[in-house]
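Number of protein chains: 2
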Amino acid sequence: MTTEHYLAITGGIGGAKLALGLSRLLEGAQLALAVNTADDFEHLGLHISPDIDTLVYTLAGENNPETGWGRKDESWNFMQALAELGGETWFALGDRDLAVNVERTQRLRGGQTLSQVTAAFASKFGIAHQILPMTDDPVATRVMTTAGEMTFQDYFVRERCEPAVTGFRFAGAECASLNPEIVSRLESPQLAGAILCPSNPFVSIDPILAVPGMQDHLRECRAPVIAVSPVVGGSAIKGPTVKMMAELSVPNTATWVAQHYRSLLDGFVLDTVDEGMAADIESMGLTTVITNTVMVTLEDRIGLARACLQLTATLRDI
Amino acid sequence: MTTEHYLAITGGIGGAKLALGLSRLLEGAQLALAVNTADDFEHLGLHISPDIDTLVYTLAGENNPETGWGRKDESWNFMQALAELGGETWFALGDRDLAVNVERTQRLRGGQTLSQVTAAFASKFGIAHQILPMTDDPVATRVMTTAGEMTFQDYFVRERCEPAVTGFRFAGAECASLNPEIVSRLESPQLAGAILCPSNPFVSIDPILAVPGMQDHLRECRAPVIAVSPVVGGSAIKGPTVKMMAELSVPNTATWVAQHYRSLLDGFVLDTVDEGMAADIESMGLTTVITNTVMVTLEDRIGLARACLQLTATLRDI
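Respectively, the protein sequence lines represent chains B and P.
Going by the numbering used here, the first residue of the first sequence is number 1, and it counts up by one from there.
Going by the numbering used here, the first residue of the second sequence is number 319, and it counts up by one from there.
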């Protein structure tokens, strides 16, 4: 890499919002996104990659703002016909979203890697930035709950996050090879910052951190590593983060998130409503920025992205 | 079988029209349809069964009358999105048709037979009659042409039947097991007639006749076996039958069709415009019926079906 560049580490919806903001401030060569693939699964014979697709659709402006997943201007004739046949309909796949999943599955069966397919699709969607699956190897989040261990999608979609979680494991992670492009970017002298996006720590960021080498590369990279709290005023904007925190008996605070990532971080971004936690987080040795982290509008997304880039600049100057 | 019953032997569009007519005259237990599966193929990772689906959609009143294939009230959002991704679009799959193919593929991978899946789908579509794939084993029509040997779908869809045919083979047929329900019906003392529908002899009926035992069972069954000519006044209503006849240097006549099936037949139905061929066909030892065989309206379909049933009745009385 000859250009100063950033690596954002992200899951689906919440992280994709910040990724969109970053993509409006940085050229294609300046931003790569390391994406969770541990909620990928096979369904209806198709390889589904929820976080990759959310990121692609979001960066392309093709995401469905009502659902938070899937494509905008979607139709559901496939699902309706599948329901009439008695097929499995618990995981909704729109007609146009289905094309992405069918074509990805075809290409994977033809021998392409998930990274290759993802790059090709991102290009077709007109995305200049690099979308990097954390690994091309299979990793599957398993959710331990009081109702037993289950797949992530069974927990998240079929059971609607209702069972109380007791823990997580990322099956296959120990044997997975970190995407070499992620390694290359983390080792690059031109790396200007790495950003842990405000995604669910347990099921979006931790799986990426579970791929061997990822944590060491973050600790050893020359650039500042920062995180944005997904917990704001004791709540998560979307998804089961805070519910999981309660079930795991950990505090639902930005401070806990900072603590969770502490060994990797140089800086931390927290919301103005959590200003009172800044001192505790600073006392962990982290430089903090207090700003609005709730991303409702595109301007919010760009504003938070700018704050992140500024924090990395401040840390580079230290 | 305790009821008097009929077996119709059919491919896609032309045969399905007569099958629909028969279905209006016969109760569910009185009619089974032995269907060609040699144009089944795998596409986009899916098991596609064109003739089975044409038959199911036709009997259910769900067929697309404009295209002649696929489902009525269809949408094409999947195909459009697939085209945008650079996927294979030469074989058109509507959004609702796709559900049938995805669910069939799932059930086959889960260990069900094509016969089981077909029976389940026919039931979901409200069809009381039995739809019997000729075999549950893979058989694939290969078309020999002056442009080389190719798969049936490559010839039929991708090449639009343009290459001149020099012959056909049905790969796998020699090892395929005839659907036991077809055997059971042909051996039944209650069989009242077997009808070769007006489908393409080369690529719709011959593959069924190529499954070991099928011809012997037709010759040995106690009921009359009749055929309906797919060639009327030197033309085929739809499809490449007559083009193939020219390329194979055989006469494009009902007489040739009667000759082709001769060893299996007791009777033959030909169109009024071909009345002049009746004497030649009778001279082969076949009892003929001359009627309108061009099925434009539902009444035409029922009328031809009635003529077929009457011919079998006549032959039973001989």
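Every residue, glycine too, gets a C-beta built ideally from N, C-alpha and C.
As the structure is a computational prediction, the values presented were derived from the model and not from experiment.
By the criterion of a C-beta distance shorter than 8 Å, residue 460(P) is surrounded in its chain by 467, 468, 469, 470, 486, 487, 488 and 489, once the five residues flanking it on both sides are discounted. Distance from the CA atom of residue 298(B) to the CA atom of residue 231(B), rounded to whole angstroms, is 20 Å. Interface with chain P (7 Å Cβ-Cβ cutoff): residue 114(B) is excluded. A direct Cα-Cα distance of roughly 15 Å separates residue 567(P) from residue 519(P). When secondary structure is reduced to three states using DSSP, residue 553(P) falls in the strand class. Here residue 64(B) carries a coil assignment [DSSP, helix/strand/coil].
Between the C-alpha atoms of residue 443(P) and residue 580(P) there is a straight-line separation of about 36 Å. Identification of chain B residues near residue 442(P) by a Cβ-Cβ cut-off of 9 Å yields 84, 85 and 86, ordered along the chain. In its chain, beyond the 5 residues on either side, 56, 59 and 60 have a beta carbon closer than 7 Å to the beta carbon of residue 127(B). Contact note: residue 106(B) reaches chain P through 362, 363, 405 and 406, using a C-beta cutoff of 9 Å and chain order. For residue 104(B), the CB contacts under 6 Å within the same chain, skipping 5 residues up- and downstream, are 47 and 117 in chain order.
Contact annotation: the segment 571-579 of chain P does not touch the segment 502-510 of chain P, with fewer than three C-beta pairs closer than 8 Å.
Under the three-state reduction of DSSP output, residue 7(B) falls in the strand class. In the DSSP annotation of this structure, the continuous segment of the beta strand (DSSP E) that includes residue 462(P) starts and ends at 458-463. Per DSSP, the unbroken alpha helix (DSSP H) holding residue 300(B) starts and ends at 298-317. For residue 225(B), the enclosing beta strand (DSSP E) begins and ends at 225-228.
Exposure of residue 238(B) is indicated by the presence of fewer than 16 other C-beta atoms within 10 angstroms of its C-beta.
For residue 580(P), no Cβ of chain B is located within less than 7 Å of the residue's own Cβ.
A distance below 7 Å separates the beta carbons of residue 380(P) and residue 390(P). By the rule that beta-carbons nearer than 7 Å mark a contact, residue 461(P) does not touch chain B. A contact between stretches requires three or more CB pairs, one per stretch, nearer than 8 Å, and the segment 392-400 of chain P meets this requirement with the segment 88-101 of chain B.
Per DSSP, the continuous alpha helix (DSSP H) segment holding residue 420(P) begins and ends at 413-427. Just so you know, the alpha carbons of residue 636(P) and residue 479(P) end up roughly 42 Å apart. Residues 7, 32, 34, 132, 134, 214 and 217 of the same chain have their beta carbon placed closer than 8 Å to that of residue 182(B), with the five preceding and five following residues left out of the count. Nearest CB-CB separation between residue 63(B) and chain P: not below the 7 Å threshold.
Note on residue 368(P): 16 or more other CB atoms within 10 angstroms of its CB, so buried under the neighbour-count rule.
Rounded to the nearest whole angstrom, the CA to CA distance from residue 175(B) to residue 185(B) is 21 Å. Annotated three-state conformation of residue 486(P) is strand, per DSSP.
In the displayed model, residue 289(B) falls within a strand according to three-state DSSP.
Sequence-distant Cβ neighbours of residue 591(P) in its own chain, meaning closer than 7 Å and more than five residues away, are 550 and 551. At least one beta carbon of chain P lies nearer than 7 Å to the beta carbon of residue 98(B).
For residue 397(P), the three-state secondary structure derived from DSSP is helix. Buried is the label assigned to residue 224(B), since at least 16 other Cβ atoms lie within 10 Å of its Cβ. In the three-state reduction of the DSSP assignment, residue 217(B) falls in the helix class.
Within chain P, no residue has its CB atom less than 9 Å from the CB of residue 66(B), the nearest being about 17 Å off. Using a CB distance cut-off of 7 Å, residue 421(P) counts as an interface residue toward chain B.
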